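Q: Dropping a structure here in structure tokens format, bear with me for questions.
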Amino acid sequence: MTGITKRLISSLLIAVLALSLFGCNNSEKYRKAAEAVGTTFCEAVLLGDTGLLMNYINDPEISEDTLKELIHPSDLNPEQEAYLGLIKDSTSYNVDYSLYDKELNMVTVSVSWKQCDFYSEEAQTAATVQDFSLAVSEASERIFTDLIEVDVSGEDPKITNAMATINSVYSYTKEENNIMPGILADYYTDGSFVLAPKGVYTNTDTIGVRLNFDPALYDYRFIPGVTYSVLKGDEVLFTSDVISLEDHSVRLDYSAEQSSDIDLNEEGFLTDGTYTFMVFDEHYNEIVKLDCKVENEEIEDEEIVFKDLKNDYYLANLVYEFKDNDLMATSYVFMSGWWDYDGTSVGKSAFASNTKTLGFSLAVSSDNDTELYYEYYFSEKSSFKDIKDGEPVFESSCRPSLYDDQACYDLDFTPEELKPGYYGLVVYADAAKKHIVFQAACLVVKETSDVIG
2 MTGITKRLIS SLLIAVLALS LFGCNNSEKY RKAAEAVGTT FCEAVLLGDT GLLMNYINDP
62 EISEDTLKEL IHPSDLNPEQ EAYLGLIKDS TSYNVDYSLY DKELNMVTVS VSWKQCDFYS
122 EEAQTAATVQ DFSLAVSEAS ERIFTDLIEV DVSGEDPKIT NAMATINSVY SYTKEENNIM
182 PGILADYYTD GSFVLAPKGV YTNTDTIGVR LNFDPALYDY RFIPGVTYSV LKGDEVLFTS
242 DVISLEDHSV RLDYSAEQSS DIDLNEEGFL TDGTYTFMVF DEHYNEIVKL DCKVENEEIE
302 DEEIVFKDLK NDYYLANLVY EFKDNDLMAT SYVFMSGWWD YDGTSVGKSA FASNTKTLGF
362 SLAVSSDNDT ELYYEYYFSE KSSFKDIKDG EPVFESSCRP SLYDDQACYD LDFTPEELKP
422 GYYGLVVYAD AAKKHIVFQA ACLVVKETSD VIG
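If you read the sequence shown in my numbering, its first letter stands for residue 2, the second for the next number, and so on.
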């Protein structure tokens, strides 16, 4: 081979190598430039900065308002904001690789995005924001990939499909999530004062409001709770903690159970005046304002009188008497009676002496949950004449207990020893025990239920 040929081949090899190196350098340069602009874009997507993101949008039909409605939907309540905020805060990305297409002067940047798995069963059935936060923190992350197309033909690299990434990352803002829309006040239907339909209480130590909500509310999740304040004039007497809504209605009370500073008179009743219930949701949006009056009247202690009945009457009949028409109107007599806790009943109002608990179950409507006060008296005589100056053998108070769809006052007495004889139950509407609303009586015989059975 001549020297001229060698020099020519060497020159060609150098030229080819130079062209090859030049091509490699351009590819690397374009890829790095595309990755840089892709990373900056992803940061803007992550921030949700619509002003910055508009710099990447080439479509004249896409405005900043369009982006705002996608990334930051309007008219959200706090629960919806918290839900979307938890997903947004969980979002992250990683630039995986890039590929340069010389013919198209285009670099494709592959980006992996991570978000909490809001599709998981636990997340989709979470009833509260707190439950949702816990569910997504314990679930695996969902990962999806976006390919960002970067045009490198001009002086500055330009992303050509920015909306594809934005739509993908913020798709969760348009997903159905069954979270309560609007505010709780939108679902409020009506409210009334318990046992005071006209808003006037007489001689009471408790006032209570029952609020009702549209049943459609409970088709949603993330329902906020309620809080309320009780005022007398301009003075705030009591402010509650947040109360969760678990039914179509909620009872709000003002009594000694709610406030140790409650203002009672010598008779144990609330003092006269106008009391106002201010009810809010837990975000301080007002739901309703309701007023009632409390009036006190002088009343005398009502006399306890039981009928003089024969033993066989107790065996064959339910012995009871309503003393108050309001209670009778809201009570289910056919569902009420002496309750046989121990299997020791020997009649409708009679027990063997080996019973441990006497108890009258007074069934009432489910919206009747005022507190009642009761006493048990013991007499050796069926006429009960020997109790007039005596003390009760037991006294207590209770509110109804809920059993499925039934509410019952469980007026129970469990003594250390149950002597044979006659037991009288007296139920009062007031803590001072002046107004009798219900009475019942039963017989306890000497024999045990085993012997009788």
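For each residue, glycine too, the CB sits at the ideal point set by N, CA and C.
Owing to the predicted nature of the structure, the values given are computational and were not obtained by experimental measurement.
Can you look up Y171 in the DSSP assignment and give me helix, strand or coil?
A: Along the sequence shown, one-based indexing puts residue 171 at 170. Residue state, collapsed to three classes: coil.
Q: Quick test of the definition: if touching needs 3 or more C-beta pairs under 8 angstroms, does the stretch 177-184 touch the stretch 61-69?
A: The answer is no - the stretch 61-69 does not touch the stretch 177-184, with fewer than three Cβ pairs under 8 angstroms.
Q: Rounded to a whole number of angstroms, what is the C-alpha to C-alpha distance between D302 and K434?
A: Counted from its first residue, the sequence shown places residue 302 at position 301. Counted from its first residue, the sequence shown places residue 434 at position 433. Cα-Cα distance, rounded: 8 angstroms.
Q: Which of the three DSSP states is assigned to Q116 in this structure?
A: Stepping through the sequence shown from its first residue, residue 116 is reached at position 115. Q116: strand per DSSP, three-state reduction.
Q: Measure the alpha-carbon distance for S134 versus D220 and round it to whole angstroms.
A: One-based indexing of the sequence shown puts residue 134 at position 133. One-based indexing of the sequence shown puts residue 220 at position 219. Rounded to the nearest angstrom, the two C-alpha atoms are 20 angstroms apart.
Q: Measure from the alpha carbon of Y432 to the alpha carbon of each residue in Q407, V306 and L271, then state which is nearest.
A: On the sequence shown, position 431 is the one that residue 432 refers to. Correcting the residue type first, residue 432 is Ala in the shown sequence and not Tyr. The option with the nearest alpha carbon to A432 is L271.
Q: Strictly under 8 angstroms for the Cβ-Cβ distance: is K434 near chain B by that measure?
A: As a matter of chain content, chain B is missing from the structure shown, which is built from one protein chain.
Q: Are the CB atoms of S354 and V227 within a distance shorter than 8 angstroms?
A: Here the question's residue 227 lines up with position 226 in the sequence shown. Here the question's residue 354 lines up with position 353 in the sequence shown. The answer is no: Cβ separation not under 8 angstroms.
Q: From this set, K290, S380, Q440 and E80, which residue's C-alpha is nearest I184's C-alpha?
A: As a working note, residue 184 is residue 183 in the sequence shown. Here the closest residue by C-alpha is E80.
Q: Would you mind stating whether V96 and V151 have Cβ atoms separated by less than 8 angstroms?
A: For this step, residue 96 is matched to residue 95 along the sequence shown. For this step, residue 151 is matched to residue 150 along the sequence shown. No. Outside cutoff.
Q: Would V438 be called buried (16 or more neighbouring beta carbons within 10 Å of its own) or exposed?
A: Here residue 438 refers to the residue found at position 437 of the sequence shown. Looking at its Cβ environment, which holds 16 or more other Cβ atoms inside 10 Å, V438 is buried.
Q: Taking 8 angstroms as the threshold, find out whether the stretch 248-257 comes into contact with the stretch 201-208 through three or more Cβ pairs.
A: In short, these stretches touch, since the Cβ pair count reaches three.
Q: Please name the residue or residues paired with V289 in a DSSP beta bridge.
A: Position 288 of the sequence shown, counted from the first residue, corresponds to residue 289. Paired residues: V280.
Q: Need the endpoints of the alpha helix (DSSP H) that G86 sits in, please.
A: Position 85 of the sequence shown, counted from the first residue, corresponds to residue 86. First-last of the alpha helix (DSSP H) with G86: P79 to S91.
Q: Which runs of the alpha helix (DSSP H) fall wholly inside the stretch 328-357 and span at least 4 residues, in chain order?
A: Counting whole runs of 4 or more residues, the stretch 328-357 contains no alpha helix (DSSP H) stretch at all.
Q: Can you say whether I300 is buried or exposed, counting buried as having 16 or more other CB atoms within 10 angstroms of its CB?
A: Start at 1 with the first residue of the sequence shown, and residue 300 comes out as number 299. Burial call: exposed.
Q: Give me, in chain order, the residues of the same chain whose beta-carbon lies closer than 6 angstroms to that of T275; leave out the 5 immediate sequence neighbours on both sides.
A: Counted from its first residue, the sequence shown places residue 275 at position 274. Cβ within range, chain order: D292 and K294.
Q: On a CA-only basis, which of E298, G200 and K386 is nearest N266? Give me that one, please.
A: Residue 266 sits at position 265 when you count from the first residue of the sequence shown. Of the listed residues, the one whose Cα sits closest to N266 is E298.
Q: For the beta strand (DSSP E) that Y221 lies in, which residues bound it at each end?
A: If you number the sequence shown from 1, residue 221 lands on position 220. Run containing Y221: none; DSSP gives neither H nor E here.
Q: For the alpha helix (DSSP H) holding I72, just list the boundary residues, first then last.
A: The residue labelled residue 72 in the question sits at position 71 within the sequence shown. Here the alpha helix (DSSP H) through I72 covers E65 to I72.
Q: For the stretch 190-247, list the beta strand (DSSP E) runs that are entirely contained and at least 3 residues long, ordered along the chain.
A: Runs of the beta strand (DSSP E) inside the stretch 190-247: 201-203, 208-214, 227-233 and 236-240.
Q: Apart from the five residues just before and just after D118, which ones in its own chain have a Cβ nearer than 7 angstroms to its Cβ?
A: Within the sequence shown, residue 118 is the residue found at index 117, counting from 1. Contacts found: A124, V137, A140, S141, E142 and R143.
Q: Which same chain residues, not among the five before or five after S120, have their C-beta less than 8 angstroms away from its C-beta?
A: Locating residue 120 in the sequence shown gives position 119, where the first residue counts as 1. Correcting the residue identity first, residue 120 is Tyr in this sequence and not Ser. Taken in chain order, the residues that qualify are R143.
Q: Tell me whether E36 is buried or exposed, calling it buried when 16 or more other Cβ atoms sit within 10 Å of its Cβ.
A: Translated into positions along the sequence shown, residue 36 becomes position 35. The residue in question, E36, is buried, as its Cβ has 16 or more Cβ neighbours within 10 Å.
Q: Judging by CA-CA distance, which residue of N162, E247, R211 and D102 is the nearest neighbour of I224?
A: Start at 1 with the first residue of the sequence shown, and residue 224 comes out as number 223. Closest option to I224, Cα to Cα, is E247.
Q: With a Cβ-Cβ cutoff of 8 angstroms, do Y429 and A442 count as a contact?
A: Your numbering for residue 429 matches position 428 in the sequence shown. Your numbering for residue 442 matches position 441 in the sequence shown. Going by C-beta atoms, Y429 is not nearer than 8 angstroms to A442.
Q: Determine the closest residue to T190 out of V394, N213 and L316, with distance taken between C-alpha atoms.
A: To locate residue 190, count along the sequence shown from 1; it is residue 189. When only C-alpha atoms are compared, the closest one is N213.
Q: Should G39 be labelled buried (16 or more other beta-carbon atoms within 10 Å of its own) or exposed?
A: Residue 39 sits at position 38 when you count from the first residue of the sequence shown. Buried, by the Cβ-count rule.
Q: How close, in whole Å, do the beta carbons of Y375 and E396 come, if the pair is a contact with beta carbons under 8 angstroms?
A: The residue given as residue 375 occupies position 374 in the sequence shown. The residue given as residue 396 occupies position 395 in the sequence shown. Yes, Y375 and E396 are in contact; Cβ-Cβ is about 7 angstroms, under 8 angstroms.
Q: Among F352, K357 and V365, whose alpha-carbon lies nearest the alpha-carbon of N337?
A: Stepping through the sequence shown from its first residue, residue 337 is reached at position 336. The sequence shown places Ser at residue 337, rather than the Asn named in the question. Closest by alpha carbon: V365.
Q: Can you give me the Cβ contacts of K324 inside the same chain, cut-off strictly under 7 angstroms, excluding the 5 residues immediately before and after it?
A: The residue you call residue 324 lines up with position 323 of the sequence shown. Excluding sequence neighbours, K324 sits near I437, V438, F439 and Q440.
Q: Confirm, please, whether the CB-CB distance from G344 to S380 is below 8 angstroms.
A: Numbered from 1 along the sequence shown, position 379 holds the residue referred to as residue 380. Numbered from 1 along the sequence shown, position 343 holds the residue referred to as residue 344. Contact flag unset, no.
Q: Considering only residues of the same chain and omitting the five flanking positions on each side of L316, which have a CB-CB separation below 6 angstroms?
A: Position 315 of the sequence shown holds residue 316. Counting only Cβ-Cβ distances below 6 angstroms, and skipping sequence neighbours, we find G348 and A351.
Q: Mind the definition here: the stretch 191-201 touches the stretch 231-246 only if three or more C-beta pairs lie below 8 angstroms; say whether that holds.
A: No, the stretch 191-201 is not in contact with the stretch 231-246.
Q: With H, G and I counted as helix, E and B as strand and the rest as coil, what does DSSP make of I388?
A: In the sequence shown, the residue the question calls residue 388 occupies position 387. Residue state, collapsed to three classes: helix.
Q: Just reading off the beta strand (DSSP E) that Q259 is part of, what are its end residues?
A: By one-based count along the sequence shown, residue 259 stands at place 258. Run containing Q259: none; DSSP gives neither H nor E here.
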